[in-house]
Amino acid sequence: MQAVLAEYKTLLQKGKNVAFVIRKGALSYEEKVVYKNDNQMLREEIIQHIVAVSEEAPIISTTGKASRELFETREANGQSHKYDFLTVGSMGHTSSIALGVAINKPEQKIWCIDGDGAVLMHMGAMAVMGAVKPQNLVHIVINNGAHETVGGMPTVAQSADLSTIAKACGYDTVSKVSSFAELDKVLQAAKTTPGLHFIEVASAIGAREDLGRPTTTALVNKQNFMEYIQLL
Ligand SMILES: Cc1ncc(C[n+]2csc(CCOP(=O)(O)OP(=O)(O)O)c2C)c(N)n1
């Protein structure tokens, strides 16, 4: 090991790259870490409720399991995937993509499904949304206080009040919900009322074990979505 490190040092000093390849299972931790909170609603169920209300309106969804769950919700409903732009990678940029679509389709309601980790990563996007204030955009943040997709490690969304931030940024309406009855009510109101709406949804940490991945490529998804929104 010492000899390898010495060799690496020489290589690094020359500006070269080095890498360790570790055999699977070589690093282990006996205690299983379980991340949880007291919220009741699961992200996938929240997404099912959003799809039920938004119907065929475009949805731009954040990176990670939220987009995978949206894809599977459409499959289960027998619906096309053309309504959805699934953001692959680009954590934190979903709301900016949704803003761009909303500006260019002012007569069409646009829905954005975001995560708390993603929102925190590019929080400046909320200030831009509040400044531009499109009257046809619903920004939904599924707040589980965790980076659930990558293991559930906590975000700082527990101590940063995202709804207050949205208010300060100039969103027209701000709601914070923790039950399906409240969620359905604010989704319906956002659907029928013009404005820039912010909906923070308290979510449990978790996902189905057998959650799949989109069966179409990101490129095909983007092309289908672009063709669809051109018709709106
Ligand atoms: C810039 C960037 N960093 C990290 C990732 C890896 N990544 C994908 S999803 C995710 C967690 C997202 O957390 P959150 O937005 O709270 O959504 P959740 O997974 O809890 O639904 C991370 C870190 C990424 N895609 N892009």
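For our numbering, add 43 to where a residue sits in the sequence shown, where the first one is 1. Where a beta carbon is used, it is the ideal one built from N, C-alpha and C, also for glycine.
Item, Value
"Beta-carbon proximity check, Ala261 vs Leu129, cutoff 9 Å", "yes"
"C-beta contact flag for His190 and Ala168 at 9 Å", "no"
"Per-residue DSSP class, three states only, for Phe223", "helix"
"Segment limits, beta strand (DSSP E) that includes Asn186", "Asn179 to Asn186"
"Thr198 in three-state terms, based on DSSP", "coil"
"Buried/exposed call for Phe63, threshold 16 Cβ in 10 Å", "exposed"
"Spatially closest choice to Asp215 from Glu112, Gly173, Ser71 and Ala145, by CA coordinates", "Gly173"
"Asp204 Cβ short of 8 Å to ligand 1 heavy atom set", "no"
"Exposed unless 16 or more other CB atoms sit within 10 angstroms - verdict on Ser222", "exposed"
"Glu270 versus Cys155: straight-line alpha-carbon distance, rounded", "19 Å"
"Rounded Cβ spacing between Leu254 and Lys108 (contact assumed at less than 8 Å)", "6 Å"
"Residues near Ser110 by beta carbon distance below 6 Å, same chain, minus five either side", "Ser104 and Leu129"
"Any non-hydrogen atom of ligand 1 closer than 8 Å to Met82 Cβ", "In the sequence under discussion, the amino acid at residue 82 is Asn, which differs from the Met named in the question. Not so, every heavy atom of ligand 1 lies at least 8 Å from the Cβ."
"Residue of Asn120, Phe241 and Ile153 minimising C-alpha distance to Ile185", "Phe241"
"Any non-hydrogen atom of ligand 1 within 8 Å of Ile272 CB", "no"
"Distance cut 6 Å, beta-carbon to ligand 1 heavy atom: residue list by chain order", "Arg86, Thr105, Thr106, Gly107, Lys108, Ala109, Gly132, Met134, Gly158, Asp159, Gly160, Ala161, Asn187, Ala189, His190, Glu191, Thr192, Val193 and Thr198"
"Length of the line joining the Cα atoms of Ala233 and Ser97", "10 Å"
"Gln45 to Asn187 span [Cα, whole Å]", "43 Å"
"Cα-Cα separation, Val61 to Met164", "29 Å"
"For Gln178 and Gly238, believed in contact at Cβ under 8 Å, the rounded distance", "6 Å"
"Leu180 to Thr53 span [Cα, whole Å]", "54 Å"
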